[in-house]
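Participant: Starting off with a structure, shown below.
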Amino acid sequence: MNTKIVCKRFNVSPKALRIYEDLGIIVPKRDENNYRNYSENDLLKLRQLILLKEMGIPLKKINDILIKDFDEENKMVRLLDIQLKATKNKIIELDNLKNTLEQSINEVLNKNIIDNTYFEKIDKFLNQNREKSDIWIDKWEFDTWAKNYDISVHGNLDDGLNLFEQYDLVLESVAEIILQNKAIKVIDIGCGTGNLYGKLNNNIEFTGIDQSIEMLLQAMKKYPCMNLRLGNFLDEPFIENEFDIVTSTFAFHHLNLLEKQKAINLLLKYLKSGGMIIIADLMFLNNKEKMKQKETLLQSDRKDLWDIIEDEYYTDIEEIKRYSEQSGCKVKYKHIVNFTWLLQIVKK
Numbered sequence: 143m144n145t146k147i148v149c150k151r152f153n154v155s156p157k158a159l160r161i162y163e164d165l166g167i168i169v170p171k172r173d174e175n176n177y178r179n180y181s182e183n184d185l186l187k188l189r190q191l192i193l194l195k196e197m198g199i200p201l202k203k204i205n206d207i208l209i210k211d212f213d214e215e216n217k218m219v220r221l222l223d224i225q226l227k228a229t230k231n232k233i234i235e236l237d238n239l240k241n242t243l244e245q246s247i248n249e250v251l252n253k254n255i256i257d258n259t260y261f262e263k264i265d266k267f268l269n270q271n272r273e274k275s276d277i278w279i280d281k282w283e284f285d286t287w288a289k290n291y292d293i294s295v296h297g298n299l300d301d302g303l304n305l306f307e308q309y310d311l312v313l314e315s316v317a318e319i320i321l322q323n324k325a326i327k328v329i330d331i332g333c334g335t336g337n338l339y340g341k342l343n344n345n346i347e348f349t350g351i352d353q354s355i356e357m358l359l360q361a362m363k364k365y366p367c368m369n370l371r372l373g374n375f376l377d378e379p380f381i382e383n384e385f386d387i388v389t390s391t392f393a394f395h396h397l398n399l400l401e402k403q404k405a406i407n408l409l410l411k412y413l414k415s416g417g418m419i420i421i422a423d424l425m426f427l428n429n430k431e432k433m434k435q436k437e438t439l440l441q442s443d444r445k446d447l448w449d450i451i452e453d454e455y456y457t458d459i460e461e462i463k464r465y466s467e468q469s470g471c472k473v474k475y476k477h478i479v480n481f482t483w484l485l486q487i488v489k490k
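What follows is the structure, encoded as structure tokens:
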């Protein structure tokens, strides 16, 4: 496609296209007359560039993003994932700006702010937004752990804590409860590469949800018949009162206490009456047991291992039990191995 048609179709100027070319973002090949000839891949990049530019991302950062070499098989879903992340980030930025403006208006109305200092506050906020955007973009490396996830959880990696000790036993313990309850519809939050699905029979209608597109692509490759969705614990349920069991393995510890409580409320919405949440994850029985573990590691001069634990939010079982019972749920739990416990929350 020549320059004139591209400009008309995408509402861009020839000057803009030359800038994109000079920056190495979109470099079309030349025909025999030395005219630019934009390929389908060039047009796909241009679509991406236009959207990311609308999100306020600088051209240099856009170039860093679009320079990624996608395999053709999953190219489109990865490009869409980039657009989704950019859109979500922009929504957060705008929502924060809205709150700042509302607060400034209220302060002016109540004469709690002098002269033009509220503009300084807004400028400071915008600068912070730009800094956060840079950090966020720098974290856009695709989840390289996804390709090596199965190896790492099954391998005998001596991390000092053995967090994935007897990984298969943990999944089999969850699968056993699912089968004992004759569950027909199961949803797995933080499904990773679909390993729990691999422990179940094909008679179960299984949906896997994960926030990592790379994990989902690995799951799709391993289990083509598995239903997959992009999402996380804190998303509003896409359907309610439909599932017999909601599961999560080795994912719940990424949520802090308030997020855990919110997640419990949301997970219960997925379930039919009498349905069950099964969480197999890194936990402590209570804070007292957690402090005992801290003391043990510090006395062994292994503060580095305690820092690993502190970097996450291991579930306080008794705390979650109290919270769930306040909602009328029945709760039981058992220790499986090392830091891993199995928690069952039954909806009334």
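Numbering (this note's numbering), first residue to last: 143 to 490. Glycine included, C-beta positions come from ideal geometry on N, C-alpha and C.
Which of the three DSSP states, helix, strand or coil, is assigned to V219?
Facilitator: Helix, per DSSP.
Participant: What is the DSSP secondary structure of Q486, reduced to helix, strand or coil?
Facilitator: Note: Q486 maps to strand in three-state DSSP.
Participant: Starting from S415 and walking both ways along the beta strand (DSSP E), at which residues does that stretch end?
Facilitator: It spans L413 to F426 - the beta strand (DSSP E) in which S415 sits, taken as one unbroken run.
Participant: Let's test the definition: count the other Cβ atoms within 10 Å of the Cβ of K157 and tell me whether it reaches 16, buried, or not, exposed.
Facilitator: Its Cβ having fewer than 16 others within 10 Å, K157 is exposed.
Participant: Please state whether DSSP places K324 in a helix, a strand or coil.
Facilitator: In this structure, K324 counts as coil in the three-state DSSP scheme.
Participant: State the DSSP-derived secondary structure class of T335, mapped to helix, strand or coil.
Facilitator: DSSP places T335 in coil when its eight states are reduced to three.
Participant: Would you report the Cα separation of E249 and H477, rounded to the nearest angstrom?
Facilitator: One C-alpha to the other measures close to 53 Å.
Participant: For G336, is the classification buried or exposed, using 16 other Cβ atoms within 10 angstroms of its Cβ as the cut-off for buried?
Facilitator: The residue in question, G336, is buried, as its Cβ has 16 or more Cβ neighbours within 10 Å.
Participant: Sorted by chain position, which residues of the same chain lie with C-beta nearer than 8 Å to N398's C-beta, five sequence neighbours on each side aside?
Facilitator: Excluding positions up to five away in sequence, the list reads Y455.
Participant: Check R444 in the structure and name its three-state DSSP category.
Facilitator: Looking at R444 - three-state DSSP - the assignment turns out to be coil, as it is neither helix nor strand.
Participant: Assuming contact is defined by CB atoms lying nearer than 7 Å, are K341 and A361 in contact in what I supplied?
Facilitator: No. Outside cutoff.
Participant: Might you give, ordered along the chain, the residues of its own chain that have their beta carbon closer than 7 Å to the beta carbon of A405, omitting 5 neighbours on each side?
Facilitator: So the list reads F375, L376 and L397, once near-sequence residues are dropped.
Participant: In whole angstroms, give me the CA-to-CA distance for K203 and V388.
Facilitator: Answer to the nearest angstrom: the Cα atoms are 39 Å apart.
Participant: In three-state terms, what does DSSP make of S181?
Facilitator: DSSP places S181 in coil when its eight states are reduced to three.
Participant: Looking at the structure shown, is K476 part of a helix, part of a strand, or coil, going by DSSP?
Facilitator: Note: K476 maps to strand in three-state DSSP.
Participant: Give the secondary structure of F94 by DSSP, where H, G and I count as helix, E and B as strand, and everything else as coil.
Facilitator: Since the first residue of the chain shown is 143 and the last is 490, residue 94 is not available in this structure.
Participant: Would you mind working out which of L239, K363 and L188 sits nearest A288, comparing C-alpha positions?
Facilitator: A288 has its Cα closest to that of K363, out of L239, K363 and L188.
Participant: So which of I199, G470, D206 and R151 has the shortest CA-CA distance to Y180?
Facilitator: Of the candidates I199, G470, D206 and R151, the one whose C-alpha sits nearest the C-alpha of Y180 is R151.
Participant: Taking 8 Å as the threshold, find out whether the region 438–457 comes into contact with the region 405–414 through three or more Cβ pairs.
Facilitator: With a cut-off of 8 Å, the region 405–414 and the region 438–457 do not count as touching, because too few Cβ pairs lie within range.
Participant: Mind checking S442: buried by the 16 CB within 10 Å criterion, or exposed?
Facilitator: Flag for S442 reads exposed.
Participant: So, under 8 Å CB-CB, G334 and Y291 are touching, yes? Tell me the CB distance rounded to an integer number of Å.
Facilitator: Confirmed, about 6 Å.
Participant: Can you grab the Cα-Cα spacing for the pair L305 / F348, in whole Å?
Facilitator: Each residue's alpha carbon lies about 26 Å from the other.
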